[in-house]
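**Q**
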Amino acid sequence: MPGCGFRFPTKVWSIRRIPMFCRRLLNLVSEQELVLQRFVGTLTNSSKGPFLWYSTRSSSAALLQRPKKSERKPLVTSINKLKREARLRKKERQTVEEISLQPPANGLLVKGLIPVAHEVYAATSELISCVSTVIKRSVVYYCKVCGQVHIGHPPHKIRTCNVAGSRPNKEHTWEIGGMQHVLPTVESFHIYDRIGRAVSHNEQLRVDRITALVELCIQAGVDIPEYPTRRRTFPIYNVAGRTLDFEKRFPKNFTPRKDINACGFWNDRKRSNEDMTSISCDDMKVIAVRGMGLWDKMISGTEKLMEKYAVQTCGYCSEVQVGPKGHRVRNCHAYKHQMRDGQHAWQEATVDDLIPPVYVWHVQDVHSTEPLLDNLKRYYGILPAVVELFAQAGADVGVRYTSLMKKDVVVPELDELKLVV
10 MPGCGFRFPT KVWSIRRIPM FCRRLLNLVS EQELVLQRFV GTLTNSSKGP FLWYSTRSSS
70 AALLQRPKKS ERKPLVTSIN KLKREARLRK KERQTVEEIS LQPPANGLLV KGLIPVAHEV
130 YAATSELISC VSTVIKRSVV YYCKVCGQVH IGHPPHKIRT CNVAGSRPNK EHTWEIGGMQ
190 HVLPTVESFH IYDRIGRAVS HNEQLRVDRI TALVELCIQA GVDIPEYPTR RRTFPIYNVA
250 GRTLDFEKRF PKNFTPRKDI NACGFWNDRK RSNEDMTSIS CDDMKVIAVR GMGLWDKMIS
310 GTEKLMEKYA VQTCGYCSEV QVGPKGHRVR NCHAYKHQMR DGQHAWQEAT VDDLIPPVYV
370 WHVQDVHSTE PLLDNLKRYY GILPAVVELF AQAGADVGVR YTSLMKKDVV VPELDELKLV
430 V
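Just so we're aligned, residue 10 is where the sequence shown starts under the numbering used here, counting upward by one.
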């Protein structure tokens, strides 16, 4: 209209630009929030200092949910760094020169980690006794549909059962559980020579499978008669990408025992629990405090061992192989295993792959007869099942899990829920 300051085209252009600006703003906010969460996670998990982060909006339920079958585990080392290392190894193989190898890559033991391996092995045996003693005076529930675990009576009413076959209201179907639900074990093939070839598919029934943590301790220096392993006195050499084992070709003072077999150890092994440390104590708090210390010692010792000794895990399933390389057994039934011909997608493992933490909801008031409610789940903390079991028995939870417990959060009543800011 003449004489009017209204510009219709500019108005339309600005309206069309508003959705694009909003989308960019939301993406920027989500990226900053993700970076902040990762930063807080690294500071919280670090053992150098007690950095505490409390929030009622922390995704406690995210740790309780199982990852999707189509999702691969996050890589410990970035893919760009792995490609860079592969290019360097390829370039080194082109030049005929000796590549210096450090223990344990050269077949020798790391002398500084031998006492750590013995401490981890002893702590694992005693921890099993502590858990079996405390669990007799506690109640453990597990959902037979999704497998979620709850410690204490009564079981919670939080509706997080969201798998195939669950109820329409997503409530759990509880049953009485046992020690295998609180402290699950991950098995691995026991290899006689960690520098030797990997276990083939045809050898899967002839090679013994033991607990992966015990296998890590054996490879780090623990000698168990039932599980013999080869201890080298001379290192191996790597020349142009090829491994040269002079001890195997020209043995010096090496007289192997005739009764040692590289596979099938269960034929002569006596299955007994004589090496299990028996704890006879009526005070549950003393046992819980002792077990909490053993759990921290086992976790910290395993982290030190895995810094030097390689452990492999499948990116799609829970298979673990202790050693510099994964086995070749084609028993993977995870996402798109047909494209891999049943072989595992090996990658670097973490402590959670070797010792899987079963997260459960933390019960602040042990003597309360009221279950945890779904409306108040944002105010509840979480803990690993072993830590929650010892915490309910009277043990003090360390700084490592303080941020997960949400100690500073007061759980409101249902009639106070609308008044909470």
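Every residue, glycine too, gets a C-beta built ideally from N, C-alpha and C.
Do you know whose CA, among 352, 313 and 150, lies nearest residue 368's CA?
**A** Among 352, 313 and 150, the Cα nearest to that of residue 368 is on 150.
**Q** DSSP on residue 123, reduced to helix/strand/coil?
**A** helix
**Q** Using the beta-carbon count (16 or more within 10 Å), is residue 111 buried or exposed?
**A** exposed
**Q** Report yes if the C-beta distance between residue 244 and residue 117 is below 7 Å; otherwise report no.
**A** Cβ distance < 7 Å, so residue 244 and residue 117 count as in contact.
**Q** Got a sec? Which residues, its chain only, sit under 7 Å from residue 221 by beta carbon, not counting five neighbours each side?
**A** 195, 196, 197, 329, 331 and 363
**Q** By alpha-carbon positions, which one of 341, 142 and 168 ends up nearest to residue 177?
**A** 168
**Q** Please give me, in chain order, every unbroken run of the alpha helix (DSSP H) with length at least 4 that falls completely inside the region 314–399.
**A** 360–363
**Q** Which residue wins for smallest C-alpha separation from residue 215, given the options 223, 224 and 201?
**A** 201
**Q** Would you say residue 148 and residue 165 are within 7 Å of each other, going by their C-beta atoms?
**A** no
**Q** Looking at the strands, I want to know which residues DSSP matches up with residue 309.
**A** Beta-bridge pairing links residue 309 to no other residue.
**Q** Say whether the region 74–87 touches the region 317–327, bearing in mind that this needs 3 or more beta-carbon pairs closer than 8 Å, one atom from each stretch.
**A** yes
**Q** Can you tell me which of 306, 389, 379 and 300 puts its alpha carbon nearest to the alpha carbon of residue 400?
**A** From the listed residues 306, 389, 379 and 300, the smallest Cα separation to residue 400 is found for 300.
**Q** Since residue 304 contacts residue 136 with CB under 8 Å, what's their CB separation in whole angstroms?
**A** Confirmed, about 6 Å.
**Q** Is residue 152 helix, strand or coil when you go by DSSP?
**A** strand
**Q** Within 10 angstroms of the Cβ of residue 124, are there 16 or more other Cβ atoms? Answer buried if so, exposed if not.
**A** exposed
**Q** Please report how far the alpha carbon of residue 183 lies from the alpha carbon of residue 138, in whole angstroms.
**A** 26 Å
**Q** Terminal residues of the continuous alpha helix (DSSP H) containing residue 423?
**A** Per DSSP, residue 423 belongs to no alpha helix (DSSP H) and is neither H nor E.
**Q** Roughly how many whole angstroms lie between the Cα atoms of residue 342 and residue 156?
**A** 19 Å
**Q** Below 6 Å, is the gap between the Cβ of residue 309 and the nearest heavy atom of the ligand ADP?
**A** In the structure shown, the ligand ADP is absent, as is every other ligand, since no ligand is present at all.
**Q** Bridge partners for residue 160 per DSSP, in chain order?
**A** Bridge partners of residue 160: 149.
**Q** Is the Cβ-Cβ distance between residue 199 and residue 217 less than 7 Å?
**A** Result yes, Cβ atoms of residue 199 and residue 217 sit closer than 7 Å.
**Q** Select from 174, 143, 361 and 377 the residue whose C-alpha is nearest the C-alpha of residue 402.
**A** 143
**Q** Closer than 6 Å by C-beta to residue 263: which residues in its own chain qualify, once you throw out the five before and the five after it? Chain order, please.
**A** Any reading at residue 263 must be qualified, since the residue scores a pLDDT of 44, below 50, and its modelled position is unreliable; no value is offered.
**Q** What are the boundary residues of the beta strand (DSSP E) that includes residue 247?
**A** Annotation for residue 247: the continuous beta strand (DSSP E) segment containing it runs 246–248.
**Q** Quick check: what's the CA-CA separation for residue 312 versus residue 360?
**A** 7 Å
**Q** Could you check which residue in 224, 251 and 249 has the C-alpha nearest to that of residue 238?
**A** 224
**Q** Considering only their Cβ atoms, is the gap separating residue 408 from residue 249 smaller than 7 Å?
**A** Going by C-beta atoms, residue 249 is not nearer than 7 Å to residue 408.
**Q** Helix, strand or coil: how does DSSP classify residue 144 here?
**A** helix
**Q** Kindly indicate which three-state DSSP category residue 411 falls into: helix, strand or coil?
**A** Helix.
**Q** Between the beta-carbon of residue 371 and the beta-carbon of residue 390, is there less than 7 Å?
**A** yes
**Q** Leaving aside the five residues before and after residue 357 along the sequence, list all residues of the same chain whose C-beta is less than 8 Å from its C-beta, in chain order.
**A** 84, 85, 86, 319, 320, 321 and 322
**Q** With a threshold of 6 Å on Cβ separation, who are the neighbours of residue 252 within its own chain once the five nearest residues in sequence on each side are excluded?
**A** Contacts found: 245.
**Q** Considering Cα atoms alone, identify which of 315, 181, 102 and 132 is closest to residue 158.
**A** 181
**Q** CA-CA distance, residue 172 and residue 179?
**A** 9 Å
**Q** Using a threshold of 7 Å, state whether the C-beta atoms of residue 295 and residue 404 are closer than that.
**A** no
**Q** Just to confirm, is the Cβ distance from residue 154 to residue 174 under 7 Å?
**A** Yes, the pair counts as a contact, with Cβ atoms nearer than the cut-off.
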